[in-house]
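Residue numbering for the sequence shown follows my numbering, starting at 1 and increasing by one per position. All C-beta atoms in this analysis are idealised placements derived from N, C-alpha and C, irrespective of residue type, glycine included. What follows is a set of notes on a single structure, which appears directly below.
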Amino acid sequence: MRPYDLRHGCASLLIGEGIPTPEIARRLGHSVEVLLTTYTHWFKEQEHAANRLLSDTFARRGPLTGQLSPESPETPHDTRSET
């Protein structure tokens, strides 16, 4: 065992649990920049989970352009003022 093995273990646990980055950095005594530089490979492992969350969010939210989806029964409303 090396002296920093416990610190790295703690970092990987907190990152894996989705703890906010600034809180992890604070607990490890790092800046956010140092945390992201040192442990970036562990954040990369969260890519698939993040993609699933985003897909679910977009599926619930609908198009982000402000347009209604084709399945929507509502009619689009133009919010610009008439002149």
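In summary, residue 35 is buried, with 16 or more beta-carbon neighbours lying within 10 Å of its beta-carbon over all protein chains present. Judged by their CB atoms, residue 15 and residue 43 are nearer to each other than the 8 angstroms cut-off. A residue is called buried when at least 16 other Cβ atoms come within 10 angstroms of its Cβ; residue 4 does not meet this threshold and is exposed. Per DSSP, residue 9 is one residue of the alpha helix (DSSP H) stretching across 5-16. The continuous alpha helix (DSSP H) containing residue 60 extends over residues 47-61. The beta carbon of residue 22 sits closer than 8 angstroms to the beta carbons of 32 from its chain, once the five residues preceding and following it are set aside; these are given in chain order.
Proximity to residue 13 across 45, 57, 1 and 53 peaks at 45, based on C-alpha coordinates.
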